[in-house]
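Engineer: Going by our numbering, the letters in the sequence shown line up with residues 907 to 1130, in that order.
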Amino acid sequence: MKLGVLYSGGKDSTLALLKAKEFHKIACLITLVSANKESYMFQTPNVHMTELQAEAMGLPLVSVATEGEKELELIDLKRAIAEAVSKHRIEGIVTGAVRSTYQASRIQRICHELGLWCFNPLWLMDQVALLDEIVKAGIVAIISGVFAEPLDKSFLGKVIDKAMAGRLAAAAETHGINPAGEGGEIETTVLHAPGFKKSIIVKKSYASFDGSSGVYHIHEAELK
907 MKLGVLYSGG KDSTLALLKA KEFHKIACLI TLVSANKESY MFQTPNVHMT
957 ELQAEAMGLP LVSVATEGEK ELELIDLKRA IAEAVSKHRI EGIVTGAVRS
1007 TYQASRIQRI CHELGLWCFN PLWLMDQVAL LDEIVKAGIV AIISGVFAEP
1057 LDKSFLGKVI DKAMAGRLAA AAETHGINPA GEGGEIETTV LHAPGFKKSI
1107 IVKKSYASFD GSSGVYHIHE AELK
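1) Is it buried or exposed, K1042, if we count other Cβ atoms within 10 angstroms and call 16 or more buried?
2) Between C934 and V970, how many whole angstroms is the CB-CB distance? I'm expecting something under 8 Å.
3) Along the chain, where does the beta strand (DSSP E) that runs through T1001 open and close?
4) Could you pull the start and end residues of the alpha helix (DSSP H) that G1072 belongs to?
5) Secondary structure at L1057, three-state DSSP: helix, strand or coil?
6) Please give me, in chain order, every unbroken run of the beta strand (DSSP E) with length at least 3 that falls completely inside the stretch 922 to 947.
7) Counting C-beta neighbours from all protein chains within 10 Å, is the total for G974 16 or more, i.e. buried, or is it exposed?
8) How long is the line joining the alpha carbons of F1061 and D1067, rounded to whole angstroms?
9) What does the alpha-carbon distance come out to for the pair E1088 and F1115?
10) Classify T1007 as buried or exposed, calling it buried when 16 or more other Cβ atoms lie within 10 Å of its own Cβ.
11) Determine whether the beta carbon atoms of S940 and T956 lie at a separation below 8 Å.
12) Tell me which residues share the same chain as V1034 and place their Cβ nearer than 7 Å to its Cβ, disregarding the 5 neighbours each side in the sequence.
13) Just to confirm the assignment, what range does the alpha helix (DSSP H) spanning S1011 have?
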């Protein structure tokens, strides 16, 4: 089956892509570039990196801008998926949803309206196990945003390796956060993964922090 992947450039959508690729053909990536940093639906830190990620994977990218207004952004999502159907003849959508019924239910509704299959390969996966699988799969993902205590500036820009997965699991034990960031505690950006013909090299970046929230901004990067 030809599928399009709702792709934010983060760890979850990348792992979902790899799982879907085992049994289906990935025809394209679909990215919503939201102007709303507080969007409930779409990741915003470094979402512009999906252009390099698509190039690294040799996949076409359907990118649609949205103001990110609650519920209205779903109109833009439906438009993006419809464009992918028209251009790439996809028959279904892959998502990286793990526990967010808010996201999953809305994507499923759009898929139903368009007559598409909705595949959620990570749904209800244990979050510590999810981090472990990301590391074992060879996905090189850096933390590009932290939005809850005790996550501080020391996490920003760091690769999620075995040690970092342990730090996140420990923070979950002490502060009750979701270790894989399902509550919006962290966002990630993938620099390399199986299927990438080249890696993304960050050339210029900076970190900003405000209260308990921080973002690692990738200002310049290249494939090598």
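Note that beta-carbon positions come from the ideal geometry of N, C-alpha and C, so glycine has one too.
Structural biologist: Judging by the given coordinates:
1) Exposed, because fewer than 16 other Cβ atoms sit within 10 Å of the Cβ of K1042.
2) Incorrect: roughly 12 Å between the Cβ atoms, too far for contact.
3) It is not in any beta strand (DSSP E) - T1001 carries neither H nor E in the DSSP assignment.
4) 1068 to 1081 is the span of the alpha helix (DSSP H), which, as asked, contains G1072.
5) Reduced to three states, the DSSP call for L1057 is coil.
6) If one requires a minimum length of 3 residues, the beta strand (DSSP E) runs lying completely within the stretch 922 to 947 are 931 to 940, in chain order.
7) Flag for G974 reads buried.
8) Put simply, the backbone Cα of F1061 is about 12 Å away from that of D1067.
9) Each residue's CA atom was taken as its position, placing E1088 and F1115 some 21 Å apart.
10) Looking at its Cβ environment, which holds fewer than 16 other Cβ atoms inside 10 Å, T1007 is exposed.
11) No.
12) For V1034, where only same-chain residues beyond five positions count, the Cβ hits under 7 Å are A1075, P1085.
13) DSSP places S1011 inside the alpha helix (DSSP H), whose first and last residues are 1007 to 1020.
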